[in-house]
Each structure stands twice: as C-alpha cells, then as structure tokens.
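**Student:**
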Amino acid sequence: KWKDESGGTILKQLKKLGASCDWTRLRFTMDDGLSKAVREVFTRLYKEGLIYRGDYIINWCPRCHTALSDLEVQFIETDSSLWYLKYPLKDNPSITLTVATTRPETMLGDTAVAINPEDPRYKGFIGKFIKLPLTGREIPVVADESVSMEFGTGAVKITPAHDFNDFELSKRHNLSALKVMDIDANMNENAGVFKGLDRFSARKKVVSDLENAGLLEKADKYKVMLGSCYRCQTVVEPTLSKQWFIKVAPLAEPAIKAVEDGIIRFVPKGWENTYFDWMKNIRDWCISRQIWWGHRIPAWHCKDCGHITVDIVDPDSCSKCNGKNIEQDTDVLDTWFSSALWPFSTLGWPEKTDDLERFYPTSVLSTSFDIIFFWVARMIMMGLKFMDGQPPFKDVYIHALIRDAEGQKMSKSKGNVIDPLIMMDAYGTDAFRFTLAALAAQGRDIKLAEERVEGYRNFCNKLWNLARFILMNVEEGVAGGVELDVQSHGGQSRLSTADKWILTRLAVCDKEVSDSLDKYQFDDAARALYRFVWHEACDWYVELIKPDLKGDNGALRKATATTVLMNIMKDALRLIHPFMPFITEEIYSKLPGDGLSILEGRYPENPVSYPQDAASMELVMEVIRAIRNIRVEMNVAQGAKIEVICFAGTAYARERLLAGSEYVSRLAKAANFSVATGNERPADSASSVVAVEGGVIEVFVPLKGLIDLDSEVKKIGKELDAAVAEHTAVEKKLSNESFTAKAPKEVVAKEEARLKTLLEKKAKLESALERLKGLSA
Numbered sequence: 040k041w042k043d044e045s046g047g048t049i050l051k052q053l054k055k056l057g058a059s060c061d062w063t064r065l066r067f068t069m070d071d072g073l074s075k076a077v078r079e080v081f082t083r084l085y086k087e088g089l090i091y092r093g094d095y096i097i098n099w100c101p102r103c104h105t106a107l108s109d110l111e112v113q114f115i116e117t118d119s120s121l122w123y124l125k126y127p128l129k130d131n132p133s134i135t136l137t138v139a140t141t142r143p144e145t146m147l148g149d150t151a152v153a154i155n156p157e158d159p160r161y162k163g164f165i166g167k168f169i170k171l172p173l174t175g176r177e178i179p180v181v182a183d184e185s186v187s188m189e190f191g192t193g194a195v196k197i198t199p200a201h202d203f204n205d206f207e208l209s210k211r212h213n214l215s216a217l218k219v220m221d222i223d224a225n226m227n228e229n230a231g232v233f234k235g236l237d238r239f240s241a242r243k244k245v246v247s248d249l250e251n252a253g254l255l256e257k258a259d260k261y262k263v264m265l266g267s268c269y270r271c272q273t274v275v276e277p278t279l280s281k282q283w284f285i286k287v288a289p290l291a292e293p294a295i296k297a298v299e300d301g302i303i304r305f306v307p308k309g310w311e312n313t314y315f316d317w318m319k320n321i322r323d324w325c326i327s328r329q330i331w332w333g334h335r336i337p338a339w340h341c342k343d344c345g346h347i348t349v350d351i352v353d354p355d356s357c358s359k360c361n362g363k364n365i366e367q368d369t370d371v372l373d374t375w376f377s378s379a380l381w382p383f384s385t386l387g388w389p390e391k392t393d394d395l396e397r398f399y400p401t402s403v404l405s406t407s408f409d410i411i412f413f414w415v416a417r418m419i420m421m422g423l424k425f426m427d428g429q430p431p432f433k434d435v436y437i438h439a440l441i442r443d444a445e446g447q448k449m450s451k452s453k454g455n456v457i458d459p460l461i462m463m464d465a466y467g468t469d470a471f472r473f474t475l476a477a478l479a480a481q482g483r484d485i486k487l488a489e490e491r492v493e494g495y496r497n498f499c500n501k502l503w504n505l506a507r508f509i510l511m512n513v514e515e516g517v518a519g520g521v522e523l524d525v526q527s528h529g530g531q532s533r534l535s536t537a538d539k540w541i542l543t544r545l546a547v548c549d550k551e552v553s554d555s556l557d558k559y560q561f562d563d564a565a566r567a568l569y570r571f572v573w574h575e576a577c578d579w580y581v582e583l584i585k586p587d588l589k590g591d592n593g594a595l596r597k598a599t600a601t602t603v604l605m606n607i608m609k610d611a612l613r614l615i616h617p618f619m620p621f622i623t624e625e626i627y628s629k630l631p632g633d634g635l636s637i638l639e640g641r642y643p644e645n646p647v648s649y650p651q652d653a654a655s656m657e658l659v660m661e662v663i664r665a666i667r668n669i670r671v672e673m674n675v676a677q678g679a680k681i682e683v684i685c686f687a688g689t690a691y692a693r694e695r696l697l698a699g700s701e702y703v704s705r706l707a708k709a710a711n712f713s714v715a716t717g718n719e720r721p722a723d724s725a726s727s728v729v730a731v732e733g734g735v736i737e738v739f740v741p742l743k744g745l746i747d748l749d750s751e752v753k754k755i756g757k758e759l760d761a762a763v764a765e766h767t768a769v770e771k772k773l774s775n776e777s778f779t780a781k782a783p784k785e786v787v788a789k790e791e792a793r794l795k796t797l798l799e800k801k802a803k804l805e806s807a808l809e810r811l812k813g814l815s816a
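The working numbering puts the first residue of the sequence shown at 40, with every later residue one more than the last.
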C-alpha cells in the first residue's frame, strides 16, 4: 500500500514535470526480477570472498537501531570540550599519564593507552601498565606510529569497541575490545556503576567522578565534527557489531581506472576529484541493516554446526553438515546495494535479454553531487564487475543545487522553500522547466527567484503570440505546411534579404543549441533559443516582413514570407520542445501541417544558411539601432518623423544601405533617408558611428525643430547630478568596512550590483550631455 501510494505520487509529479518516459517499464526495487538479481550478486560476491560477516566498528543509530554506512552519517561542526584525564601507573600511582579525549564516557571501555614510539616524552612508559580510573582494570601502554604527537598530550586512550581508529590499532596489537554501551546507547553491565545511564549522562558523571578523584587535569573548549543519522538526526555511536561487509577495494580499482582513462566522464570535470578522493580512501562497505523493509540477506545459519549457507535459492539444509536446523539471517541489505545494480537489474539480468543488449550501457546519468558516493560510484563498481567490464553509463552530469534567490540553501525552518508544484501551478510547467535550464550554469548553484519563473512565463506568452500572429496571416492554401525548398534555385530567388537573415539566424541557433546540449551547457542552449524567438524572430523579422504579410509587395512575396515564418516557427518549436514540451506540442498541433505530434517530426539538422546576405541585413539593422539610440538619448518624440543622413566608408556599405533603405525608413521612422558622399557633415545633428568591415558608417540625425536643446541640457544635467550623488552614497557605504563585514552577503552583493548600474547610468548621461552641449555650442 505504501509503495503504491508513494510511487503513484512520484509518478504524478514526474508527469507534471513533463518527463517523457516509457511508463510501461516501471520497476520497483522489490520486484521479483530485481530480487533475483540482488541474490545473484550477493551470492557471487560471497563465494568470491568479497562479502564477509564479522565483528567490525560501524556507525550505529541508537534510535533507528540499525547500522549506517559512512555515507549515511551527516557531520556538523559542534562546540564541545577536550577533556584531559590523568591515568595513574600501576606500579607507581603518583605518576600519571594524561590523555585527551572528546568522549570521556568511553574511557570505561579503554583497553590500552597508545603513544608514538618516536615521542621522547613517553619512551619510558612503553610496556608499562595503567590502573584505569573508575574501573580498577589494568591496561597496557603500547607504541604505535599512527598516534599524533601534536594532538592533546601525545598520549591517547584506546577504546577498540567504540572508535574506528582505535579498532584498527587494536588489531595490530592484539588488544581486546570491551563494549560499554547497549543498542540504545545506554551504559551496559561492563560500565559498572554507570550501568543504565544514557551516554551523555554518563559523560557528566565520569567527568565529575574523575574531578573528585583529582584525575581531571583540565577541559578546553573544542570544536568537533559530530555525526548524526541522516534519517532522524540522532547522534550516531561508533560501536563494535557483527555485520555483513563488502571488500570494496578490489571493486574500486577498475572503477577508478575507468574514470582516469576517460571511459566514464564527469561533467563538470571538477567532480572527478571528489570521486577520486572517496574511491582512493574507501573502506569496506557495511551492507547489513537492522530494519524491517528491504531485501533480506540470503544467508542461512546452521544451529547445529554454526556454518553459514549462502545461495541464490532458499536451501532446505546446511551445505556443510546437511542439518535441517537452519535459519535465515534477519538483517536486510542496505537499500543502496540493490540501487547499485539498477542499470542492469531492471533490464532482466542475470538473463541475457534483448533489453539488456539494447539499453546497456546508457549514455548519461544526471544526478546530484551528494549521491556520487551513495549511488554513482557503486553503480560503476557493480556494472564493471557484472557486465564484463562495461560501465553503466558514459557521462555523469552533476546538476546544480537549487537555492533561494539570495543563494541560501532552502529549508523549512528558514521559510525559504520554493515548492516546484506550486510554481508549476502558478506559472506553468514549461516556464518552470525553462527557468531551471536557463539558470543551470555548470559548476554553479541555481539561485531561484519567483520573478525569474514569471519572466520565462512571459517567454511562453511570446511563443503563443507569435503563433497567433502566424495563424492570422495564413490564408487557405498559403504555407499550408508545405515547406519552401530554400536550397533550390527557384526557392532562393523568392527569398528576401530579411528571409535569408532569419534562416541564417535559425541555423546559428540550431548549432548553438546542439553544441550546448552536447556539452551539457543547458543555460547556453536556453539563452540561444530565447534570443532567437524573442529578439530575432519577434523583434526583428516580424517587423521586417509586415508589409509583405499585408500583401503590399505582391502575392508571391506574401506567400514566401508566410512560408518562411511558418517554417522557422516549426523548427523553433522543435528545438524548444525538450525544454518546454507542453506549450510546444500544443502550438505545433495548431499550425497547418500533417497532423503528427511534434515528437514524430524531424529535429532540425544543418538548416540552410546565407552568411553574406545575413551580414548585409546585420549592417542595416546596426544602423537602425544607432538611429533608435539617438532618438532615446536626445529625447526625440517617439512618433516624430526624422531625417537620417548616412556617410558610408566603403562601396559595399553604401550599396547595402541603399538596398535596405526601405527597412531603415520604416523601422527607424525616418521620413527622409539618404546615403551621402563627400566630406561635409550636417550641422546641429546628433551622430553615431557604426563599425563595418573595412570601415565605418557615420549616422547623422538633424535635430532642428525636434528638441529644445537648452531645456534638454538642463534636464539631463539634473539627472546626472542625482545619479552622481546616489553613486557617491553607495560607493561610500561599500567602502565602509563595518558595513561590508557585518551586513549579510546578499545585501552587500545587492549594493555592489546597484553601484555598477549607477556607474553605467552616469556614463550614459555624461555622453548624452556632452553630445547636447556640442550641438548647442
């Protein structure tokens, strides 16, 4: 029931997000096929000696009553103390050896004191015995090179049953291990009078009793990395326990080499270092868990001879003595054990199925950095081991962590959680998806603000409006889904310079999107699509061809322009579809055509391009931009008709301008447009310079009768004074060390951005004022 309900919720969310999956291939980790694969892998590893059962130090959660792998422990820096305890020598109690510890309650389980053999302070203590306080037990002083002479006093207490490093040291010196805590982290019978106390109460009493006995030297403030359970946040306790383990080192070696040799690639590449750091310092993996839910370990204990039988199928007798008195192990496997097999267990392995042959290995795994060790590394190890050296995937794309608008990690306590389902309900799934893609710069976390999602909803609206505009201009039999053959001589002869420019820009967009997707640079792909649709198709091309669409230039030009517009829209929708699947499918279905789904159509590949014609059009557009900038800077009324005079530095530029004169006159609202020759420049004119290949184009707009120069000079002067004053105030604030040190980072960043904006505003106003003063002089 839980699986069906939770799984159903997950599926609904995935579908709402627009995931395009084969929903007939649902798999659950406890399915029969996957359970068979789990048993197969466990049995093979066990019979190869790579799975074993033994006493080992593990991370224990006293609340969940289960072992945790190192990866399931969350570490947080916490204020604590470093206690210095005095241990008297057995033969001369007046002489003490001081040890430093952050966990004084574990001293009840000490079985030695260790010093570095090179430490001159303690050479005379090696081989002697300590009378362990509060217990009466005698423990040896041993020498071990692993002991740091810089930590504490250089002498350390050894508690093999409750510390990972101490356990390893104890094996080298044949020391016993004494557990002093039970499964609830309460002190047990080995703790003597402390029995029954929880570990933290025992800590206080141990410190108090040692102080009363004169055996507490001091306690210093100290920061520790405190480990807690990832499920319940209870402080974990390292403890000695009988568990099942995988010897990981033999599996890790080929997994390391696969990444070093480039067979598997991490994107961004920097995450390879994180992978190597873990894999080259890996410890045996504790795979047994003391919980109810999971794959039960396929091992049977014989109550007669103690032998363990491991097999793929349930045995009915002990494989050693043939006794029938056998019982299956009650532990279950770590959930990451079955997850590590996912790339091939879901495809029918260990059987050689068609699906396995076809789909393994896959191309790319997209995942989060925090499960590189939990999942990615283990999938690589298991894939290489059981799939004849074939890795499960070629690329590992590590996606960004989504933070709030200020860059803070989202948490319920901070109240800054952005719920994707709420965002999708408010702004649409397409807008939400495109936002994440647009912000997904490699190597950087995503700062997600609701305003950004709202902004990309406007992009969705832009697509809708462009589609409506196209449908309004489509007539019966015109551009009815029949694509213009722009590569044929006849087709090319029908294209205007504007047509060739937009087709070239589509080709550029197509290449940028394809290249960016190949490199997993989704933000660059999104930026290219946004630019093409909004700034090139809508802002420019639609405006350039409006007379054609009205029929002003004849029926053939109308049909051609409509067809080109239709074609670029369809190709744009195909390019955008992976980012915004819902709106693109809906719009595509409304456009004239064959009635197929957008998924059944071709993906744009190598669209036709006209670079020379596109360059000509860009030249004309740059001149139009220059004229528009003059209008804005000089505060010329929007509807005012102006005169424009251009001086072209080259014959090519002059020719292109004359050919594009209709575009300039119409889009720059120039009543008179001319391309002049000679050296005399018009007086009382605002001017701009456009750089072109081989020279420049000078653009002049006579201002007589268009503006009042004196009033404009005063107006811009006032605006400049205000901008300078504001800029000075912000600059002063940022130069104040008290502000930059104490203010939140996001506040400082906001002020720095404001300073940059004010600087740009000041520069523009100074330029406009200088230009106006030059005219009035």
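Backbone N, C-alpha and C fix where the C-beta goes; we use that ideal spot for every residue, glycine too.
Note that the structure is a prediction, hence the values are computed from the model and not measured.
In angstroms with no decimal places, state the Cα-to-Cα distance between Val195 and Lys281.
**Tutor:** C-alpha separation (whole angstroms): 26 Å.
**Student:** Terminal residues of the continuous beta strand (DSSP E) containing Tyr95?
**Tutor:** Looking at the DSSP string, the run of the beta strand (DSSP E) that includes Tyr95 is 90-100.
**Student:** Who are the Cβ neighbours of Asp26 in its own chain at under 6 Å, not counting the five residues just before and after it?
**Tutor:** No statement about residue 26 is possible, as the shown extent of the chain runs from 40 to 816 and does not include it.
**Student:** Using only alpha-carbon positions, find the residue among Met608, Gln531, Val603 that is nearest to Tyr569.
**Tutor:** Ranking Met608, Gln531, Val603 by Cα distance to Tyr569 puts Met608 first.
**Student:** Among the residues of its own chain, which have a CB less than 6 Å from the CB of Thr474, if the five just before and after it don't count?
**Tutor:** Within the same chain, Thr474 has close Cβ partners Arg491, Val492, Tyr495.
**Student:** Do Asp149 and Val186 have their C-beta atoms within less than 9 Å of each other?
**Tutor:** The answer is no: Cβ separation not under 9 Å.
**Student:** So, with DSSP's three-state summary, where would you put Ala761?
**Tutor:** Residue state, collapsed to three classes: helix.
**Student:** Output the residue ranges of the alpha helix (DSSP H) runs that lie fully inside the segment 719-787 and measure 4 residues or longer, sorted by chain position.
**Tutor:** Complete alpha helix (DSSP H) runs here, min 4: 748-773, 776-781.
**Student:** Within the same chain, show all residues whose beta-carbon is closer than 6 Å to that of Gly733, passing over the 5 residues directly before and after it, in chain order.
**Tutor:** For Gly733, where only same-chain residues beyond five positions count, the Cβ hits under 6 Å are Thr689.
**Student:** Given this structure, state the Cα-to-Cα distance separating Arg238 from Phe413, to the nearest angstrom.
**Tutor:** Rounded to the nearest angstrom, the two C-alpha atoms are 30 Å apart.
**Student:** Quick check: the Cα distance between Cys271 and His201, rounded to an integer number of angstroms?
**Tutor:** Answer to the nearest angstrom: the Cα atoms are 21 Å apart.
**Student:** Mind checking which residues open and close the alpha helix (DSSP H) that includes Met656?
**Tutor:** First-last of the alpha helix (DSSP H) with Met656: 650-672.
**Student:** Among all the DSSP beta bridges, which residues are the ones paired with Gln113?
**Tutor:** Answer by DSSP bridge pairing, in chain order: Ser267.
**Student:** Assuming Cys548 is part of the alpha helix (DSSP H), what are its boundary residues?
**Tutor:** It spans 536-557 - the alpha helix (DSSP H) in which Cys548 sits, taken as one unbroken run.
**Student:** Under DSSP, the alpha helix (DSSP H) around Ala291 begins and ends at which residues?
**Tutor:** It spans 288-299 - the alpha helix (DSSP H) in which Ala291 sits, taken as one unbroken run.
**Student:** Taking the alpha carbon of Val181 as the point to measure from, which residue in Trp324, Asn361, Ile169 has its own alpha carbon closest?
**Tutor:** The residue with the shortest Cα to Cα distance from Val181 is Ile169.
**Student:** If the criterion is Cβ atoms closer than 9 Å, does the pair Asp368 and Ser358 meet it?
**Tutor:** Not a contact, by the Cβ cut-off of 9 Å.
**Student:** Would you say the segment 259-274 touches the segment 100-110, given that touching needs at least three Cβ pairs under 8 Å?
**Tutor:** A contact exists between the segment 259-274 and the segment 100-110.
**Student:** Based on DSSP bridge pairs, tell me the residues matched to Asp355.
**Tutor:** Partner(s): none; Asp355 has no beta bridge.
**Student:** Who are the near neighbours of Arg793 in its chain, counting only those whose CB is closer than 8 Å to its CB and skipping five residues on each side?
**Tutor:** Excluding sequence neighbours, Arg793 sits near Val769.
**Student:** Which two residues bound the contiguous alpha helix (DSSP H) that contains Pro586?
**Tutor:** 581-589 is the extent of the alpha helix (DSSP H) around Pro586.
**Student:** Can you name the residues that DSSP bridges to Trp339?
**Tutor:** Trp339 is bridged to Thr348, Gln367.
**Student:** Taking just the CA atoms, how far does Val306 sit from Ile684?
**Tutor:** Looking at the two C-alpha atoms, the distance is approximately 53 Å.
**Student:** Got a sec? Which residues, its chain only, sit under 8 Å from Ser209 by beta carbon, not counting five neighbours each side?
**Tutor:** Excluding residues within five positions, the ones whose Cβ falls inside 8 Å are Thr150, Ala151, Ile197, Pro199, Ser215, Ala216.
**Student:** Check whether the Cβ atoms of Phe233 and Leu171 lie closer than 9 Å to each other.
**Tutor:** Not in contact: Phe233 and Leu171 (Cβ atoms no closer than 9 Å).
**Student:** Cβ of Lys167 within 9 Å of Cβ of Leu128?
**Tutor:** A contact, by the Cβ cut-off of 9 Å.
**Student:** Helix, strand or coil: how does DSSP classify Glu625 here?
**Tutor:** The answer is helix: DSSP assigns Glu625 an H, G or I state.
**Student:** Do Cys499 and Gly467 have their CB atoms nearer than 9 Å?
**Tutor:** Yes, they are a contact pair.
**Student:** Skipping 5 residues on each side, what residues in its chain have a beta carbon closer than 6 Å to that of Ala230?
**Tutor:** Leu147, Val219.
**Student:** Tell me whether Ala788 is buried or exposed, calling it buried when 16 or more other Cβ atoms sit within 10 Å of its Cβ.
**Tutor:** Exposed.
**Student:** Closest by CA to Leu635, which one among Thr623, His766, Asn645, Glu311?
**Tutor:** Comparing Cα-Cα distances from Leu635 to each of Thr623, His766, Asn645, Glu311, the minimum goes to Thr623.
**Student:** Going by C-alpha to C-alpha distance, which of Leu255, Ala715, Met673 sits closest to Gly744?
**Tutor:** Selected option, being the one with the closest Cα: Met673.
**Student:** Are the Cβ atoms of Leu254 and Leu124 separated by less than 9 Å?
**Tutor:** Closer than 9 Å, so yes.
**Student:** With 16 as the cutoff for other CB atoms within 10 Å, does Asn251 come out buried or exposed?
**Tutor:** Classification for Asn251: exposed.
**Student:** Using a 10 Å radius around the Cβ and a threshold of 16 neighbouring Cβ atoms, would you call Asp602 buried or exposed?
**Tutor:** Correcting the residue type first, residue 602 is Thr in the shown sequence and not Asp. Burial call: buried.
**Student:** From Lys51 to Thr68, what distance separates their C-alpha atoms?
**Tutor:** Computed Cα separation, rounded: 19 Å.
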